[in-house]
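Engineer: Numbering (the working numbering), first residue to last: 401 to 701.
1) Taking C-beta to C-beta, are residue 608 and residue 649 nearer than 8 Å?
2) Can you give me the start and stop residues for the alpha helix (DSSP H) that residue 494 sits inside?
3) If you drop the 5 nearest sequence neighbours on each side, which residues of the same chain put their C-beta closer than 8 Å to that of residue 621?
4) If you compare alpha carbons, which of 696, 687, 695 and 694 is closest to residue 483?
5) Would you mind working out which of 569, 534 and 547 sits nearest residue 556, comparing C-alpha positions?
6) Jot down the residue ranges of each uninterrupted alpha helix (DSSP H) in the stretch 552 to 628, minimum 4 residues, whole runs only, in chain order.
7) Just verifying my parser: in three-state terms, what is the DSSP assignment at residue 632?
8) Using the beta-carbon count (16 or more within 10 Å), is residue 654 buried or exposed?
9) Can you pull the DSSP bridge partners for residue 662?
10) Am I right that residue 570 and residue 603 are in contact with their C-beta atoms under 8 Å? What's the rounded C-beta distance?
11) Could you work out which residue in 502, 501, 506 and 500 is closest to residue 494 when comparing CA atoms only?
12) For the stretch 435 to 482, which segments carrying the beta strand (DSSP E) assignment without a break, of at least 3 residues, lie completely within its bounds, in sequence order?
13) Excluding the five sequence neighbours on either side, which residues of its own chain have a C-beta within less than 6 Å of the C-beta of residue 652, listed in chain order?
14) With H, G and I counted as helix, E and B as strand and the rest as coil, what does DSSP make of residue 689?
15) Mapping DSSP to helix, strand and coil, what is residue 542?
16) When you compare only the Cα positions, how much space is there between residue 695 and residue 459?
17) Using the Cα positions of residue 553 and residue 670, report the straight-line distance between them to the nearest angstrom.
18) For residue 466, count the other beta carbons within 10 Å of its own beta carbon; 16 or more makes it buried, fewer makes it exposed. Which is it?
19) Applying the criterion that 16 or more other CB atoms from any shown protein chain within 10 Å of the CB defines a buried residue, is residue 762 buried or exposed?
20) Roughly how many angstroms separate the alpha carbons of residue 508 and residue 429, rounded to a whole number?
21) Answer yes or no: do residue 545 and residue 470 have a C-beta to C-beta separation smaller than 8 Å?
22) At the level of alpha carbons, what is the spacing between residue 480 and residue 664?
23) Identify which residue in 642, 587, 630 and 613 has its Cα closest to the Cα of residue 689.
24) Taking the alpha-carbon positions, what's the residue 658 to residue 588 distance?
25) Can you tell me the Cα-Cα spacing of residue 642 and residue 632, whole angstroms?
26) In the DSSP assignment, find the beta strand (DSSP E) that holds residue 519 and state where it starts and stops.
27) Is residue 521 closer than 8 Å to residue 426 when the C-beta atoms are compared?
28) What are the partner residues of residue 649, as DSSP defines its beta bridges?
29) Quick one: residues in its chain with C-beta nearer than 7 Å to the C-beta of residue 684, no 5 flanking neighbours on either side, listed in chain order?
30) Suppose contacts are defined by Cβ-Cβ distances below 8 Å. Is residue 592 in contact with residue 550 by that definition?
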């Protein structure tokens, strides 16, 4: 993968179609959490040869006090953010594991081993964040679980637009924790949607592609959330290949009156979720994922 070059001056837009087989400047806006890290690891082969920068947010949504946050949401947040960021990733980096090409890398290892600049990105809707994006002058912005809702000034910068991977089927489930909503509704399948961000509204842009998978009743919410990312990254990889060949991505417009927007579940909704037999997460979910960052056996004395 081409190392991220120093930030330079912004370039004027030059159209909406990529030049065939050219190197693209791609800004990946992710959240500092387990699912985003897995997604980035899966995406790395498709980013090879492009000039890539990764900008991280620290959270999605507002910061609630411990009394306002539903216990199940807190457990999910600990599994997705606190455990990897405060325990797993620092231990891996301290151990100095080599890049074998077959294990997941932490955010810091991706920068160290693959030459991709990974850094916190100020909210792009602020002057500092907007200037950072303009300085890099991306041809394309990819967002996955990013913590800010991009507004018109930053959306207008990349000549190829802004693509978002939403971990839910649109337009049915806009907003956060779409997988939770699908399981709670008794849906037989869940999915993810690759769509353009055309304005500052949430999950409303033209749809590029959709991937679906069957619900696994014996598995947890976290298992289902993480299982979507291999499918979603295939959608992104296909889109990147088309853009790099100079093709325009075919899209389908969403109907504004269809589907619904959902925020974080309430305590009562979490209780209903559990009454229906669903588990938020299991230790085996984390064990199976954490092992992908190894092997660790050779480092254990």
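Ideal placement from N, C-alpha and C gives every residue a C-beta, glycine not left out.
Structural biologist: The answer reads as follows:
1) Between residue 608 and residue 649, the C-beta gap is smaller than 8 Å, which places the two residues in contact.
2) DSSP places residue 494 inside the alpha helix (DSSP H), whose first and last residues are 489 to 495.
3) Listed in chain order, the non-local C-beta contacts of residue 621 below 8 Å within the same chain comprise 476, 579, 580, 583, 673, 678, 679, 680 and 681, local neighbours out to five positions each way being set aside.
4) Checking every option, the nearest Cα to that of residue 483 belongs to 687.
5) Checking every option, the nearest Cα to that of residue 556 belongs to 534.
6) Restricted to the stretch 552 to 628, the alpha helix (DSSP H) segments that are unbroken, complete and at least 4 residues in length are 552 to 555 and 578 to 584, listed in chain order.
7) Three-state result, residue 632: helix.
8) Around the beta carbon of residue 654, a 10 Å sphere encloses 16 or more other beta carbons of the protein chains shown; the residue is thus reported as buried.
9) 575.
10) Yes, they are in contact, since the Cβ atoms of residue 570 and residue 603 sit about 6 Å apart, within 8 Å.
11) Checked all of 502, 501, 506 and 500; the closest Cα to residue 494 is 506.
12) Taking only runs of at least 3 residues, the beta strand (DSSP E) segments lying wholly in the stretch 435 to 482 are 451 to 457.
13) Counting only Cβ-Cβ distances below 6 Å, and skipping sequence neighbours, we find 607.
14) Assigned with DSSP and collapsed to three states, residue 689 falls in helix.
15) In the structure shown, residue 542 sits in a strand (DSSP, three-state: E or B).
16) For residue 695 and residue 459, the distance between alpha carbons rounds to 29 Å.
17) Each residue's alpha carbon lies about 37 Å from the other.
18) With a pLDDT of 46 at residue 466, under the threshold of 50, the modelled position of that residue is not reliable, and no figure is offered here.
19) For the chain, the structure presents residues 401 to 701; residue 762 sits outside this window and is missing.
20) The straight-line gap from Cα to Cα measures roughly 15 Å.
21) Contact: no.
22) Take the alpha-carbon of residue 480 and the one of residue 664: they are about 15 Å apart.
23) Closest by alpha carbon: 630.
24) Answer to the nearest angstrom: the Cα atoms are 19 Å apart.
25) Taking the straight line from one Cα to the other gives about 16 Å.
26) Looking at the DSSP string, the run of the beta strand (DSSP E) that includes residue 519 is 517 to 520.
27) Not closer than 8 Å, so no.
28) Note: residue 649 sits in no beta bridge, so no partner.
29) Nothing listed; no residue qualifies.
30) No.
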